[in-house]
Every structure is written in C-alpha cells, then in structure tokens.
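Using my numbering, the first residue of the sequence shown is number 811, and each one after it goes up by one.
Where a beta carbon is used, it is the ideal one built from N, C-alpha and C, also for glycine.
In this text the structure is predicted, and so the values were computed from the model without any measurement.
One structure is given here, and the rest of the page talks about it.
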Amino acid sequence: MSNAVCDLFGIRYPLVMGGITPKPELGIVVSNAGGLGCIEGVMPPDGLRVAIREFRSKSDKPFSINFPLAMGSPEMTAEKAKVCIEEQVPVVITSAGNPKILTAQLKEGGITVGHVVASTYHARKAVDAGVDCLIAEPTESGGYRGEQEIAMMVLIPAVRRALPDIPLVACGTVADRAGIVAVMALGADGVQLGTRLMVTKEAAASY
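Written out as structure tokens, the structure is:
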C-alpha cells in the first residue's frame, strides 16, 4: 500500500504503534508485520540506547521512539534526543510539550519527526516548528492531550482542512478494520493504535 504515511515512514501499512511500552518486543512484532513499531522512551538515556539496540537485533524495519517532552528534566530530554541521533533512530514522535524544543535538532540528525496534537492550534504550531507528520489525539484517546480536547469526528476533519498537505495520523477508539476505514474517511492518512495492541499476547501486559 502506498499513501502519505507509508511513504514517509517507509512502512507497508499505515499503522503506527502508540507509545505504550518501553520494552521493544511488541514494537518488533508490529514493525516486522509492516507497521511502525514503537519504543516508549520513558527510561533514562542509557536504557533507551539498550532498548534501541535490542530492537535492531531482531528487526531491520523502521520504528519510532515516542516520548513526552514534559516528562523529566530538559537535560534528560536533550540526552534522549542525543541517543536517538547517535543510534540513527528513523522516527521520533514527541508529545506534551513545545515541538520547537527538539524538532530542528532531530531533523538535522536525519530523523523523521512526528508530534501529537489535540487541536488545529497545536497542529499549526507543530507544522511551523517543522515536524514531518501530525498525530491527532482526540478526547477519546488514552494518550497525553491537554485541556483543549476535541472529539475525533471534529478533530480529524478540522486538522485536515487547516493543513491539507501534511501526513496525518489519527488515534483513539480505533480497534478494527471498520475503525481504520472510518478515520481515513474523515481525512487521516494513517492510524495509531495503543490500547488495542495492549491486549495482544506480545504486549506481555497483565490485568
């Protein structure tokens, strides 16, 4: 399949794994199956480097590091960005913070950058900062959003109308083929899955 998200990330299917686990096992399975696997970058920089290398030992497919900019000190965030550049991570997805903090540095290091947004206001700020892709998180999502929450049926069309040319990934409430078709009909180029993947055996989650 070829569309804006597949072409940007170099993946077979426009399916992006959300930042739901710092362990690489689930992301490896997702990437090897043709999506964009993910490592949630909530660990210290040294631990992040170990996880990246473990991922690479079991997959040669594209993957992302996902971490909120507001989690940890600015120095810690900068160190994580440095690790991503040194390890030549293909994609970094940031959230919960100003996209200007790291976008230019990451892109100069050869990394494709996505940013999580909750409104057209945040989306424009991210595009102005130079991000390559937007991940639109509505009220229904389980991720980091902020106070300006907008429902999926409103958010995705609004962002698409405001910014028609940038690759747009939708997340929240999507769990099957029908959901994927629905959000793409709203204007998304791809889908991010988080909670749905947590109930797979590869997630190694306990409830």
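Between Ile-966 and Ala-988, the beta carbon gap of about 15 Å keeps them out of contact (Cβ cut-off 8 Å).
Every unbroken stretch of the alpha helix (DSSP H) spanning 4 or more residues and falling wholly within the segment 823-870 is given here in chain order: 835-842 and 855-868. Between the segment 883-890 and the segment 827-845 there are fewer than three inter-stretch CB-CB distances shorter than 8 Å, so the stretches are not counted as touching. Boundaries of the beta strand (DSSP E) harbouring Gln-1002: 1000-1003, taken from the DSSP string. Taking the C-beta atoms as reference points, Ala-998 is found nearer than 8 Å to Leu-978. Distances from the CA of Pro-824 to each of Met-853, Ala-928, Ser-841 and Val-1001 were compared; the closest alpha carbon is that of Val-1001.
In the three-state DSSP reduction, Thr-949 falls in the coil class, being neither helix nor strand.
Rounded to whole angstroms, Thr-1005 and Ala-928 show a C-alpha spacing of 18 Å. For Tyr-931 and Lys-1011, the gap between their C-alpha atoms comes out near 38 Å. In chain order, Ile-895 place their CB closer than 7 Å to the CB of Gly-919, counting only its own chain and leaving out the 5 sequence neighbours on each side. Judged by their CB atoms, Pro-878 and Ala-914 are not nearer to each other than the 8 Å cut-off. Looking at the DSSP output, His-932 sits in no beta bridge, so it has no partner there.
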